[in-house]
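For the sequence shown, the residue numbers in this note's numbering are -17 to 208.
Using N, Cα and C, we set each Cβ at its ideal position, and we do this for glycine too.
Since the model is a prediction, treat every value here as computed from it, not as a measurement.
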Amino acid sequence: MLTHQTLSLSECDIKFAASEGTFSGYGSVFGNVDSKNDIVAPGAYAEVLKSGEKVPVYVNHGWLDGKLPVGSWSGLKEDDRGLFGDAGLVMQMPSAIDAYWGMKSGLVTGLSVAFLPDGKSIERRSDGVRVIHKVKILKEISIVNEPANAEARVFSVKATEEIGRLETVRDFERLLRDVGSFDQATAKQLVAKAKDIFRQRDADEDAEAQSSQEQLLFALRNYLPK
């Protein structure tokens, strides 16, 4: 029986590339209990990824209803956190367009992976949680609008070219507001906090003071999800 693991966008760290219709993120995260009471263990996807087979993108597991995929994943790999990859949507398909702009606007809040676990690799804990150590078949990774963690905050990053256009502190505030989905007051508060942190850092390290603009650009490039 195929198993689903549903994640919020904040867990997936989705970001959008410069090309419309492409994004990257975590389709599966290791070590967290999902809505099916399952945990995927590190290394679970190692064998299935060796096949190199394309993994399709669906919307809300549309294959269950006979719907077509809207794109495919590429470069899927495991890291310390989970299963990460890039996805390209076929933007000539209306459902792909809806899904893409739904994610980018924050209306859609999750990803969900469908896989067939190796029954021999399943560890059953006393608390009822299943720990899956090996995946036999990776059916697909879907864009879904009902994540397992309803409390998670959506955070998405637009094209990296947005960073290159930053010139002032006000531009930085706008990016936090429009891209990070923070309200205006919170964006200003974050900028003020960033100034204080870097000012203190410079004082502690006795380094040459950088301009506020340089400091904020450094923080943006290095601490926003990549």
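Nearest to G110 (by Cα), restricted to the options N19, A174, S103 = N19
Give the straight-line distance between the Cα atoms of S103 and V117, rounded to the nearest whole angstrom.
-> 8 Å
What did DSSP end up calling R152 once you bin it into helix, strand or coil?
-> helix
CA-to-CA distance, A81 to S87, given in whole angstroms = When only Cα atoms are considered, S87 and A81 end up about 10 Å apart.
Between which two residues does the beta strand (DSSP E) harbouring E105 extend?
-> 104 to 106
C-alpha distance - I114 paired with G13, whole-angstrom precision = Computed Cα separation, rounded: 10 Å.
In the structure shown, what three-state DSSP assignment does D80 receive?
-> helix
Note the first and the last residue of the continuous beta strand (DSSP E) segment covering E122.
-> From DSSP, the beta strand (DSSP E) with E122 extends over 117 to 126.
Span of the beta strand (DSSP E) holding V95?
-> 92 to 99
Buried versus exposed, by CB contacts within 10 Å (16 or more), G44 = buried
Nearest to K59 (by Cα), restricted to the options P38, D68, V52 = D68
Compare the C-alpha of S94 against each of D178, V22, A174, T4 and name the closest.
-> For S94, the closest C-alpha among the options D178, V22, A174, T4 is that of V22.
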